[in-house]
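The next block holds one structure in the form of structure tokens; read it before the comments.
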Amino acid sequence: MVERLRGEARRRALAGLRRWKKTKGRDAIERDLRFRDFNEAFGFMQRVALAAERMDHHPEWFNVYNRVSITLSTHDAGGLSAKDVALAHFIDRAAGLRRA
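Residue numbering for the sequence shown follows the working numbering, beginning at 5 and increasing consecutively.
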């Protein structure tokens, strides 16, 4: 079972995720992204889906046209884990330099 991040390990893990914010009301992180169009947004989601499947860790996400909203939390751990941080780093790389 994956352990929930706590204390100093949590602080260090989240320090490198500048574009992510804490989700209100739960132990999760979230990020909103915008792309040029639906095709670009969907291509991004496909890349993330393939990586998430390999990691056996799947995001909560929502897509409307060129926007993708992502929330990460490890349900088995009851909150944020190293799996969420690893997937967030992959998402940041897949998104390139895009901002919310």
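Each residue gets a CB set at the ideal place from its N, CA and C atoms; glycine is no exception. If you're wondering where the values come from, they're calculated on a predicted model, not measured in any experiment.
DSSP places R40 outside both helix and strand once states are collapsed to three, so it counts as coil.
Per DSSP, E12 is one residue of the alpha helix (DSSP H) stretching across 11–19.
Looking from the CA of A99, the closest CA among R23, L18, M59, H61 belongs to R23. The C-beta distance from A86 to A17 rounds to 7 angstroms, short enough to meet the 8 angstroms contact threshold.
Scanning its chain for C-beta atoms nearer than 8 angstroms, with the 5 sequence neighbours on each side dropped, one finds around F48 the residues L37, F39, V72, A98, A99, in chain order.
In this model, Y69 and H62 are separated by some 21 angstroms (Cα to Cα).
Apart from sequence neighbours up to five positions away, the residues of its chain that approach T75 with a beta-carbon distance below 8 angstroms are T27, A32, I33, E34, P63, E64, W65, ordered along the chain. For R97, the uninterrupted alpha helix (DSSP H) run begins and ends at 86–99, by DSSP.
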